[in-house]
Structure formats: C-alpha cells, structure tokens
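Quick notes on the structure that follows.
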Amino acid sequence: MATNLQFIKSASGTSVSSLSVTDCFSDKYDVYYISATKIDIATAYYNNIRVINSSGVDSGANYDYAQLQMASYTTFSELRSTTATSWFYSSWQSANASDGVGLGVYIFNPYDSSSYTFMTHQSSGFNSGSGMLGFKGIGVHHIAEQITGINITSPYNYDNITVNVYGVK
Amino acid sequence: MAGSLIKIDEEIVTSAVASVTLTGIDSTYDVYMVKYNNVTPDTDVVALRGRVTESSTPNTTANYDYAAKLLRSTTSFYNSSSTNQTSYLINQDTTGTGTGEQTNGINYIFNANNSGEYTFITIEDSFLEHNGNLEGSAGGGVFTSASSVNGIQYFFSSGNIASGTFTLYGLKK
C-alpha cells in the first residue's frame, strides 16, 4: 500500500556554521515534516530556522514566532517576536556530543507564492548540568513568495548536523 | 515512520462550503491524522471548530471538552479551555479575511472507532488571527461519549469555509 509520508531528501554538514536543505520544497506537496535527531555544536546554543527563497537564505526581519519554552528544572517561559530574522529557539543544542536533540517541524504552503509560509514545531533537548529543555512553537514567514528550502543556523559552528525532509502527500 | 501514513479521505475547498466532513475512520487503525492547510473563512472574526461523525452524521450534543495553550506573537499566551461544548474549538482564537489570514494545522485522533472508549484529539495549529497577528494552538480535546466514530467535520463558528485542503490519514499498526 502506498505511503503518504514520503522521504524527500537528507542533508548533512561537518564543521559548518549553518546547514541549508535546498530544493526540498516543490509543488508536489503542500505540507512537509522536517526532523533532526543528531546535531553536535561547538558551543551550546539554540538552533534557529530560516527559509530559502529565490535569492538564497532570507535573513531579513520577516519572521514572526511564539514559543513556549519548557524546562524540567525551572519555570516555563514565553518567547515571541514579530520582527525576527529567523524562527528563533526551535530547539536547544548542548555542546556535549552525546546529548543530541529531537526536533520535529511541520512547514505549511512553502512553495505557494501567494501564501505566507507557516510552521509548527516541537523539540526536546538537554541543557547540560540542568536538565531537559524543550520548545513548543509556531511561526510564520510573512512574505508571500515561493520558498524552496530551509536553513538551520546558530552563531556557533556545527561539528555535525543532519536534517531530513519528508512530504505529507 | 515513513511507510506508515495512509491517506483515507481528502476534501479540497475551492468555493465556499458550510463545512467539510472527512470519513473513513474504522477499526483498521487506532490512530488517525488530519492535516489542513490554507484554510480561510468567508467571514471575518471566526474560529475553526470540529465535531465527530457517527454513521457520517455530525454529533452535535454537548459532549466536547477541550484545553489548549494559545501561543501569541504579540502578547501573553492564554489558557483556553471548556467542557460540555457542542464541538471542539480548533482555533483557540478567531481568524478572518484580512491579508494572509489562514489556518494550518495537524490533528491526531485516537480510539475514534472504538465504541467502548471516548474519542481523543490533539490540536496543533498556526494561523493569523483576525488582526493579522501570528497565533497558534497547542492542546487537545475529548468527545465524552463512548461511541463508534467514523469521521470528523470542520466548520467555522460563523459563515463558510472559503478555501483549504483537509486530508485524513490512518497510522498503520
């Protein structure tokens, strides 16, 4: 029986400041699922997400987000912006290579040039010395344009990073 | 995971309809998923809602409870909850007809066709509310009647669904 969660592509990087997954969105799907399970970073920080348009990675102030930060060791926090340069705080990345991360993102309507691109995400990471640190959030890239890929970024180098993209048919 | 999502029903709205009903839930699967995207109303200041269907007829009794966190990009988050309603509240705030305003989301449905258990739903969406601000819901609901559910109906609190795609999947056991 045909399946309707279809693997599109995987991208990996070593010693990179960001990872782009190019040409993963098309008119074949309108909803996508993106997963990351293994990211190693030089200095602990948040993983952030940007979209790729016809000019490349969009680092303009075109992103809105709202995130609930949930920690096992302290009070929850609300994070929000309407003028961000990425979807900040998609997940927390420990600098300890054995800590890993679990990040799942749904992307809606990226390839539709008449629609904004929306996202929802949930993540679970580990803040070394403290405990679990997770996020539940939403975002919109508020420009109606064709988006062809995504970019995972942080101020610090990724030692290793792999991201998988699936289409929900 | 990649081989376990099976499409069952899909409705693509290109002209206004009062509601969309997805059917085909049966005992084949225990868990179903609905994705909806690019969903817009033809009326301003309305919220997307949902009901289960039994024998393809929407159940309109006051047997729906829900609780969710409303995530908001411009102000504090909000706890949205209610019991004994006549439908699930899918959007925890109202959307509308302004530029870019639409709803996108994922619902998982549990134990729907099991006549011995309540039907549970998770709610995860991202939308522009009726002033154009980004908001989203993270929560769930329950239909508090142990019955054999065979589908789910979506509708706006007032007016029609102007556009959108709704797709029902089964998660293979």
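From first to last, the protein sequence lines are chains A and B.
First residue of the first sequence: 38, per my numbering; consecutive thereafter.
First residue of the second sequence: 18, per my numbering; consecutive thereafter.
For glycine and all other residues, C-beta sits at the position ideal for the given N, C-alpha and C.
Length at least 3, wholly inside the segment 23-110 of chain B: the beta strand (DSSP E) runs in chain order | 36-40, 48-58, 65-71, 81-89 and 95-102
Phe-163 (chain A) versus Leu-170 (chain A): straight-line alpha-carbon distance, rounded | The C-alpha of Phe-163 (chain A) lies about 5 Å from the C-alpha of Leu-170 (chain A).
Just the chain A side, please: which residues come within less than 7 Å of Glu-141 (chain B) by C-beta, in chain order?
-> Near Glu-141 (chain B) (Cβ distances below 7 Å), the residues of chain A are Thr-157.
Note the first and the last residue of the continuous beta strand (DSSP E) segment covering Phe-173 (chain B).
-> Here the beta strand (DSSP E) through Phe-173 (chain B) covers 168-173.
With 8 Å as the limit, tell me which residues of the segment 118-146 of chain B have their beta carbon closer than that to any beta carbon of chain A; keep them in chain order.
-> Answer set for the segment 118-146 of chain B: Gln-119, Asn-121, Gly-122, Ile-123, Glu-141, Asp-142, Ser-143, Phe-144 and Leu-145.
Mind listing the chain B neighbours of Ser-32 (chain A)? Cutoff is C-beta to C-beta under 7 Å, in chain order.
-> Only positions 38 to 206 of chain A appear in this structure, which leaves residue 32 (chain A) out of reach.
Determine the direct distance from the alpha carbon of Arg-87 (chain A) to that of Tyr-105 (chain B), and round the result to whole angstroms.
-> 33 Å
Coil, strand or helix - Asp-60 (chain A) by DSSP | coil
Using 8 Å as the Cβ pair cut-off and three pairs as the minimum, do the segment 168-188 of chain B and the segment 58-66 of chain B touch?
-> yes
Beta strand (DSSP E) segment containing Lys-173 (chain A), residue limits | 168-178
Under 8 Å Cβ-Cβ, which residues of chain A neighbour Leu-185 (chain B)?
-> By Cβ distance, chain A contributes nothing, its closest Cβ being about 10 Å from Leu-185 (chain B), past 8 Å.
For Thr-190 (chain B) and chain A, any beta-carbon pair shorter than 8 Å?
-> Per the sequence presented here, residue 190 (chain B) reads as Lys, with Thr not at that position. Answer no: the Cβ-Cβ gap between Lys-190 (chain B) and chain A never drops below 8 Å.
Spell out a yes or no on whether the segment 107-115 of chain B and the segment 193-201 of chain A are touching, meaning 3 or more CB-CB pairs, one atom from each, closer than 8 Å.
-> no
Hey, quick one: how far does the beta strand (DSSP E) through Asn-188 (chain A) stretch, first residue to last?
-> Counting along the chain, the beta strand (DSSP E) containing Asn-188 (chain A) begins and ends at 186-205.
Is Tyr-100 (chain A) helix, strand or coil by DSSP?
-> strand
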